[in-house]
Ligand SMILES: *[C@@H]1O[C@H](CO)[C@@H](O)[C@H](O)[C@H]1NC(C)=O
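In full-length UniProt numbering, the protein residues as written are 1 to 289.
Structure follows, in structure tokens:
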């Protein structure tokens, strides 16, 4: 049953790739109503573990990053790890899943930003191995991606963020966060995630997503922080958590996402800034039934 589900997805994918969606080039991030909004006052959909594309158990996404962006994803989360002195995109460890270098991951993102000039994109890199941030800076600079990166120069309060239009006008359309070991005094455009955000719990196995609690940074206040909702479901297989691909169509449905977002609104008095989804983000026509 699992196998037939996978082939169904792959069949659907080829239909999708034959007729690629192009990103909307009007307004700001596809909507003129967003142009005058501050970056901190927009809700966007993000891709959890965006680099892990495939149908293996540890994979999180079915389609490559460029296609994710063309579908409307505007927030990419990705794990980095240290390997042979370089920065590699690995899942938990490079022995489990290694999909290549940070440079090979970022290169299509640079190409996409070149071709989509009215789009503001956010990147969240994890750095569990405490790789010096200057090493990340070198990879960004070698690709010319640093040119797009927004550097506020000081910690911004929520109401100090620029509007999407002004970021687009300035050509500073890439906002980069790092979960741990950011150092803006070394690389001014790699911002500390938890200075700016809190997150709801991840590795959720309750498919109702009936919570919007502050998980990280532990003990911190929600006040003054934007927030990221982890709306992706795992399934516990003999103690190992893997993406719940079978429930993904339901998890990624508008009703499921809106239900948790509305709960978040009731809890915090404002909508989430980013909602991370996983495993099977794809257009409704490709949903399994
Ligand atoms: C967010 O944008 C909406 C729509 O423009 C506006 O009504 C609201 O006041 C804004 N909130 C903040 C905190 O800027």
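Where is the CB? At the ideal position from N, CA and C, for every residue including glycine.
Beta-carbon gap between residue i and residue j smaller than 8 Å
i           : j           : result
residue 198 : residue 260 : no
residue 46  : residue 76  : yes
residue 65  : residue 108 : yes
residue 273 : residue 40  : yes
residue 167 : residue 120 : yes
residue 124 : residue 52  : no
residue 171 : residue 148 : yes
residue 87  : residue 101 : yes
Integer Cβ distance of residue i from residue j, believed to fall under 8 Å
i           : j           : result
residue 182 : residue 133 : 6 Å
residue 188 : residue 153 : 7 Å
residue 43  : residue 275 : 7 Å
residue 179 : residue 241 : Their Cβ separation, rounded to whole angstroms, is 18 Å, which puts residue 179 and residue 241 out of contact at 8 Å.
residue 175 : residue 122 : 5 Å
Same chain, Cβ closer than 8 Å to residue i, five either side skipped, listed in chain order
i           : result
residue 250 : 207 and 256
residue 159 : 38 and 40
residue 220 : 194, 198 and 214
Spatial neighbours of residue i in its chain, beta-carbon cut-off 6 Å, leaving aside the 5 residues before and after
i           : result
residue 278 : 48, 60, 232 and 243
residue 212 : 200, 263, 264 and 267
residue 161 : 38, 39 and 40
residue 217 : 194
residue 146 : 140
Classification of residue i by the beta-carbon crowding that lies within 10 angstroms, buried from 16 upward
i           : result
residue 173 : buried
residue 191 : buried
residue 254 : exposed
residue 238 : exposed
residue 252 : buried
residue 50  : buried
Near ligand 1: residue i beta-carbon under 7 Å from a heavy atom
i           : result
residue 250 : no
residue 110 : no
residue 37  : yes
residue 41  : yes
Contacts around residue i, its chain only, beta-carbon distance under 7 Å, and the 5 residues preceding and following it disregarded
i           : result
residue 21  : At residue 21 the pLDDT is 39, less than 50, meaning the model places this residue with poor confidence; the figure from the coordinates comes in the next sentence. Result list for residue 21: 70 and 71, in chain order.
residue 144 : 110
residue 302 : Lying before the first or after the last residue shown, residue 302 is absent from the chain, which here runs from 1 to 289.
residue 58  : 52, 91, 96, 97 and 242
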